[in-house]
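S.K.:
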Amino acid sequence: MPADDTKPAGAAAGLPDRRAHIADLVAAARGGDDGALGQIVTELSPMLWHVARAVGLDVEDAEDVLQTVWTRLVAHLDGIHDSTALIGWLVVTTRREAWRVHAVARKQLPTDQEWLSELPDHAPGSEELIMMDDERRALWEAIGKLSRRCQELLRIVAFVPRPDYQALAAQLGMPTGSIGPTRGRCLAKLRTLLASRP
Amino acid sequence: MKSPDAASQEPMDDFDLEILDGIRDLFEHADPMPPDLPERIRFSLAMRGLEAEVARLTAADEDNLVAARGAEHSRTITFDSESLTIMIRIDSNDDGTVRIDGWLAPPQRREIEMQTATDPCRVSSDDQGRFAFISVPRGTARLVVTAADRANGGAGRPVVTPPLIL
């Protein structure tokens with residue numbers, strides 16, 4: 452643990468190291484180290500996958516969006532110096548690009564999709580739903596009752612590393628209070644839904 | 094119970110974080126990223142700026158003759174690019190690695206790099222276009238064929254193959 456680390460141990464343990472690790476990789480990638488760039492791609496692509504899919508893209512479009520975003524990052528590396536800036540740039544750029552592609556593809560899509568039908572490839576079918584424990588199933592069903600926008604936002608927020616969330620919240624349209632991120636309308640609604648289940 | 098409006102102004106608490114963990118867990122299971130996507134992105138990033146021809150896989154055969162001789166497993170794979178055909182035969186070594194014998198057509202001296210998850214290995218082809226990697230770890234790999242060094246009259250555009258599973 453670095454000496455200047457003031458974060459408490461516990462849930463956040465390991466995170467400062469990970470952030471330092473990412474910052475090192477960014478510096479190396481800026482210097483032209485393709486291996487470092489590749490490691491960043493491997494570590495952060497899963498997060499971007501969920502950002503792109505949250506917008507409602509199909510598998511192929513989501514893959515294309517990730518390709519585009521990573522290619523663009525290479526040209527922007529000079530302005531990015533730490534983990535938070537990197538994650539912020541990646542998430543915001545992925546979301547913007549996903550929405551652009553979504554708008555193009557939208558013509559063929561019904562305007563108001565069913566929650567489950569938005570995940571045609573991997574959505575839990577009735578059998579998987581039975582396999583889920585009660586808590587998971589309740590959460591899944593409650594998410595399904597949220598607005599499209601809340602579903603998207605919460606899925607993205609769930610995948611952004613916690614220490615970077617504060618910096619990203621405003622850009623994602625989540626309000627932040629004076630001492631940190633507030634719960635926001637979507638999480639508040641989800642809590643109400645979870646509390647009111649029979 | 095508080096109104097949702099008032100509750101939305103509150104700072105996040107442990108239950109909120111628990112819910113977010115739950116959402117993350119659900120989507121990781123329900124809609125995982127295709128596992129080979131980062132590898133494909135890394136591949137296309139590595140190709141940027143490199144004026145490389147990307148070879149296409151044109152033929153892949155299990156070698157039945159070799160299979161009939163014993164438990165050994167052998168595959169031949171052919172890649173075609175505009176300027177070059179690359180044929181490789183992959184044989185299993187006893188130690189779990191694989192041996193790769195390759196031929197370039199038209200025959201020529203080139204530098205050939207086998208990029209794997211670990212360190213890349215480099216060899217040169219001879220006048221007949223032959224090359225061999227005696228021991229390559231199993232996993233994903235790809236070949237990058239570059240010009241032979243100038244002392245050997247090196248010329249030719251780089252050619253890369255798509256990733257292949259050894």
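Top to bottom, those sequences are chains V and L.
Heads up, the first sequence is in the numbering used here, so the first residue is 452 and it goes up one at a time.
Heads up, the second sequence is in the numbering used here, so the first residue is 94 and it goes up one at a time.
All residues carry an ideal CB built from backbone N, CA and C; glycine is no exception.
Establish whether the CB of R587/V and some CB of chain L are separated by less than 9 angstroms.
M.R.: Locating residue 587/V in the first sequence gives position 136, where the first residue counts as 1. Yes, its Cβ sits closer than 9 angstroms to a Cβ of chain L.
S.K.: So with CB distances below 8 angstroms, who are the chain V contacts of A100/L?
M.R.: Within the second sequence, numbered from 1, the residue matching residue 100/L stands at position 7. By Cβ distance, chain V contributes R634, A639, R642, T643.
S.K.: Under the DSSP definition of a beta bridge, which residues are partnered with G195/L?
M.R.: Within the second sequence, residue 195/L is the residue found at index 102, counting from 1. Note: G195/L sits in a beta bridge opposite I181/L, F224/L.
S.K.: From the DSSP output, in three-state form, read off M498/V for me.
M.R.: Along the first sequence, read from residue 1 onward, the residue named residue 498/V stands at position 47. Of the three classes helix, strand and coil, the one that applies to M498/V here is helix, per DSSP.
S.K.: CA-CA distance, V516/V and A503/V?
M.R.: As a position in the first sequence, residue 516/V is number 65, starting the count at 1. As a position in the first sequence, residue 503/V is number 52, starting the count at 1. Approximately 7 angstroms, taken between the alpha carbons.
S.K.: Alpha carbon to alpha carbon, how far is Q102/L from T211/L?
M.R.: What you label residue 102/L is simply residue 9 of the second sequence in a count that begins at 1. What you label residue 211/L is simply residue 118 of the second sequence in a count that begins at 1. Q102/L and T211/L: Cα-Cα distance of roughly 50 angstroms.
S.K.: Run through chain V and tell me which residues come within less than 9 angstroms of I92/L, C-beta to C-beta.
M.R.: Summary: the structure shown does not reach residue 92/L, with chain L confined to residues 94 through 259, and so no result is reported for it.
S.K.: Buried or exposed for R600/V, going by 16 or more other Cβ atoms inside 10 Å?
M.R.: If you number the first sequence from 1, residue 600/V lands on position 149. With fewer than 16 neighbouring CB atoms inside 10 Å of its own CB, R600/V falls in the exposed class.
S.K.: For P131/L, which residues in chain V fall below 7 angstroms Cβ to Cβ?
M.R.: In the second sequence, counting from the first residue as 1, residue 131/L sits at position 38. What P131/L touches in chain V: V492, T493, S496.
S.K.: Thinking C-beta only, is V238/L closer than 9 angstroms to V147/L?
M.R.: Numbered from 1 along the second sequence, position 54 holds the residue referred to as residue 147/L. Numbered from 1 along the second sequence, position 145 holds the residue referred to as residue 238/L. Going by beta carbons, V147/L and V238/L fall outside the 9 angstroms limit.
S.K.: Compile a chain-ordered list of the residues in the stretch 598-609 of chain V whose CB is closer than 9 angstroms to at least one CB of chain L.
M.R.: L605, R606, V608, A609
S.K.: Rounding to the nearest angstrom, what Cα-Cα distance links L130/L and A554/V in this structure?
M.R.: Working through the second sequence from its first residue, we reach residue 130/L at position 37. Working through the first sequence from its first residue, we reach residue 554/V at position 103. Roughly 23 angstroms between the two C-alpha positions.
S.K.: Output yes or no for whether 9 angstroms exceeds the beta carbon distance between R182/L and R168/L.
M.R.: As a working mapping, residue 182/L is identified with position 89 in the second sequence. As a working mapping, residue 168/L is identified with position 75 in the second sequence. In contact: R182/L and R168/L (Cβ atoms closer than 9 angstroms).
S.K.: Would you mind stating whether L197/L and V229/L have Cβ atoms separated by less than 9 angstroms?
M.R.: For the purposes of this step, residue 197/L is taken as residue 104 along the second sequence, with counting starting at 1. For the purposes of this step, residue 229/L is taken as residue 136 along the second sequence, with counting starting at 1. Taking 9 angstroms as the cut-off, the Cβ atoms of L197/L and V229/L do not count as close.
S.K.: Round the Cβ separation of T190/L and R231/L to the nearest angstrom and send it over; I've been treating them as touching at under 8 angstroms.
M.R.: Working through the second sequence from its first residue, we reach residue 190/L at position 97. Working through the second sequence from its first residue, we reach residue 231/L at position 138. T190/L to R231/L, Cβ: 7 angstroms. Contact.
S.K.: Could you have a look at S167/L and say whether DSSP puts it in helix, strand or coil?
M.R.: Sequence index remark: in the second sequence, residue 167/L carries index 74 (1-based). Of the three classes helix, strand and coil, the one that applies to S167/L here is strand, per DSSP.
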